[in-house]
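Working notes, beginning with the structure itself.
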Amino acid sequence: MFVRTQSGMEVDLHASPHLIKGSGYRLFVSVLCLLVMLTVVVSVSIGSVSIPLNEVWVVMGANVSAPLTGSALAPGIAPTTNQIVWDFRMPRTLLGLVVGASLAVAGVVMQAVVRNPLADPYILGTVSGASVGAVAVITLGIFAATPSAVTTSAFIGAMGSLLLVFLLGQRRGIFSPGRLILAGVAISYLLSAITSYIQLQANPNELRAVLYWLLGSVAGAEWIDLGAASAVVVTLTLLLVLQARPLNALLMGEESAYALGVDVNRFRLLLLGAASLLTASVVAVSGGVGFVGLMIPHMVRMLVGPDHRRVLLTSALVGGIFLMWVDIFARIVIRPAEMPLGIITGVIGAPFFIYIMSRSGNTGGGS
13 MFVRTQSGME VDLHASPHLI KGSGYRLFVS VLCLLVMLTV VVSVSIGSVS IPLNEVWVVM
73 GANVSAPLTG SALAPGIAPT TNQIVWDFRM PRTLLGLVVG ASLAVAGVVM QAVVRNPLAD
133 PYILGTVSGA SVGAVAVITL GIFAATPSAV TTSAFIGAMG SLLLVFLLGQ RRGIFSPGRL
193 ILAGVAISYL LSAITSYIQL QANPNELRAV LYWLLGSVAG AEWIDLGAAS AVVVTLTLLL
253 VLQARPLNAL LMGEESAYAL GVDVNRFRLL LLGAASLLTA SVVAVSGGVG FVGLMIPHMV
313 RMLVGPDHRR VLLTSALVGG IFLMWVDIFA RIVIRPAEMP LGIITGVIGA PFFIYIMSRS
373 GNTGGGS
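The sequence shown runs 13 to 379 under the working numbering.
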């Protein structure tokens, strides 16, 4: 794909250094789709009780075809196995897929909007706002501390913090990436202080629950957790793919985007809203899982190049696969206990962050 700069020069995005080119991209996406299905099956089979892969396939087939056959019980499979596979592990696995995909896509958008390779979905204070809401529910008993109450309160907190950041980040109706980032940092520090204060009021049992939420986990996921998050991720990812051309124009700078007919301020606001909603919808159900939105977009660009028509979809698939495998590792590394996802992604992500920072040469934002 060619993008014409304001000076009239055409830049071929597909000519940028990357590994997979031409018709190989379609094959690569097909392989990723197969890896998604394989990872789902492997993830469902692994846990405190190991279930053979063939039984996982049978149970999945029986439940998917239940509306036609009238029965979700697979012949020859124990009811407890059916319950473990379909009611406990399948929602958890699919939630990991959705969370990873959402954070990766949000990371792509944030890095394009602020033109900074170190940007991630959390720079606008989403996690800090969600943390206040979730921790308040867990420790103060503002509502009955049920999973739905925690999720609802976390989502409200995330959207509330984003509203504050947007109000502070604009000046005379114009949104500046640098101003938004500074507002996000300030609000994040404030909300983190509030979260810490609330934690001081908690007892040891509540603190453990708070810690797991803050570090991120998909354990205990239920089918009800998937509905809204999945709808948001699928809908916004498809809409963003349709906006790939103006997204590509932003890569060339504001002047070039204006020359191509893009209303930069309005478009940037829409992109920030989409990235924020993507982030808030999954943070509310999984807690703060760091570095996914930072790492995956960079890895994908190394593979398929910077064209957002390819980067967005590929990032969703790679992000989902990555977080499902992180969740698998989290279950087995300290059996019988489980490790929060954020610890594992932090161990992987911190060195990657340093590598990207050294390559970028600075930490300044773009435009």
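Yeah, the Cβ is synthetic: ideal placement off N, Cα and C, and Gly gets one too.
Since residue i is in the alpha helix (DSSP H), which residue starts that stretch and which ends it?
i, result
"F303", "F303 -> no alpha helix (DSSP H), and no H or E assigned at all."
"N215", "That residue, N215, is in no alpha helix (DSSP H); it is neither H nor E in DSSP."
"W98", "Here W98 belongs to no alpha helix (DSSP H), and DSSP marks it neither H nor E."
"R127", "From DSSP, R127 is part of no alpha helix (DSSP H); its letter is neither H nor E."
"M7", "An answer regarding residue 7 cannot be provided, because it is not within the stretch 13 to 379 covered by the chain."
"L335", "H320 to I344"
"Y270", "E266 to A271"
"A233", "Unbroken run through A233: none, as it is neither H nor E."
"P352", "From DSSP, P352 is part of no alpha helix (DSSP H); its letter is neither H nor E."
Going straight from the alpha carbon of residue i to that of residue j, what length do you get?
i, j, result
"S140", "A90", "44 Å"
"N215", "A146", "16 Å"
"P309", "V120", "5 Å"
"E350", "W337", "14 Å"
"R321", "P348", "42 Å"
"S370", "L227", "26 Å"
"G36", "V312", "14 Å"
"D237", "V297", "7 Å"
"L44", "S268", "34 Å"
"I3", "I193", "Here the chain has residues from 13 to 379 only, and residue 3 is not among them."
"I368", "T93", "44 Å"
"M122", "D132", "6 Å"
"T51", "I333", "7 Å"
"G361", "T291", "18 Å"
"E234", "L179", "35 Å"
"S288", "D339", "24 Å"
"V304", "L130", "12 Å"
"S160", "M264", "43 Å"
Just list the residues that DSSP pairs residue i with in beta bridges.
i, result
"F187", "Q182"
With H, G and I counted as helix, E and B as strand and the rest as coil, what does DSSP make of residue i?
i, result
"Q255", "coil"
"A90", "coil"
"M311", "helix"
"V245", "helix"
"R371", "helix"
"S160", "helix"
"V173", "For the sequence presented, residue 173 should be read as Ser rather than Val. S173 falls in the helix class under three-state DSSP."
"I366", "helix"
"R347", "coil"
"I168", "helix"
"G137", "coil"
"V222", "helix"
"V359", "helix"
"G317", "coil"
"L384", "Since the first and last residues shown for the chain are 13 and 379, residue 384 lies out of range."
"P79", "helix"
"A84", "coil"
"S60", "coil"
"L109", "helix"
"L202", "helix"
"V274", "coil"
Assuming residue i contacts residue j under a Cβ cut-off of 8 Å, what Cβ separation, rounded to an integer in Å, is found between them?
i, j, result
"L152", "Q211", "About 10 Å separates the two Cβ atoms, so there is no contact after all."
"V294", "V110", "6 Å"
"L382", "A261", "With the chain running from 13 to 379 in the structure shown, residue 382 is simply not present."
"L252", "V117", "7 Å"
"V323", "V316", "6 Å"
Is residue i near the ligand ZN, going by C-beta to nearest heavy atom under 6 Å?
i, result
"V297", "With respect to the ligand ZN, the structure offers nothing, as it holds no ligand at all."
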